[in-house]
Every structure is written in structure tokens, then in C-alpha cells.
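What follows is a short report on a single structure.
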Amino acid sequence: MAGIPVVLMSTVETTALGAALLAAVGAGLSPSLKEASERTTKVAEVNYPIPTNERLNDRGYGYFLTQTSRNQKVNHKRSA
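No gaps in the numbering here: position 33 of the sequence shown is 171 in my numbering, and each next residue is one more.
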């Protein structure tokens, strides 16, 4: 796995917020995306990887990749 922290934002609708920030910058309401995001976003929680869980996480990720590959094959056949 990547071994990097996962940052959870206090805003649930992060996609909508991102679109609104881009619109604000585009409309000239904020000078930059960086400034707009610093004013409007807050970190709710940071989850750090637990080194002792690395092997378990890697195994779970392996299962995820296998299932994703299988689903892609099934969905491709269904759309044909």
C-alpha cells in the first residue's frame, strides 16, 4: 500500500465545494484556488497508516484488484 495518511475533510460534499470554488475563482470572487480553498475547507480528521497492518491491508487491496478486474470483464460483456 501507499503508506500515506488519509485526510478527511469536514465538508461531506467535497465535489460540489470544489466546483463552487472553481466558479468563484472564474468569476473573480477569489484571486486563486489556493486562497479560496484555504478560506473554505477544514480538515476533520487525519488517519495514519498502522505499520503492523500493512500485510493485511495489502492482502485486502489484492482482493479489491481481483474483484475490480472481474467486474470490468462482466460489465464489458453486458454492454456488448
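Ideal placement from N, C-alpha and C gives every residue a C-beta, glycine not left out.
My output table needs one value for E183: the three-state DSSP class, helix, strand or coil.
Strand, per DSSP.
From the DSSP output, read off the bridge partner residues of L146.
Answer is E183.
Quick one: is L159 buried, meaning 16 or more other Cβ sit within 10 Å of its Cβ, or exposed?
buried
So what's P189 in DSSP terms, helix, strand or just coil?
The answer is helix: DSSP assigns P189 an H, G or I state.
For the alpha helix (DSSP H) holding G168, just list the boundary residues, first then last.
Position check: residue 168 holds Ser in this sequence, whereas Gly was assumed. For S168, no alpha helix (DSSP H) run applies, since DSSP gives it neither H nor E.
Rounded to a whole number of angstroms, what is the C-alpha to C-alpha distance between R193 and Y186?
15 Å
According to DSSP, simplified to helix, strand and coil, what is E151?
E151: coil per DSSP, three-state reduction.
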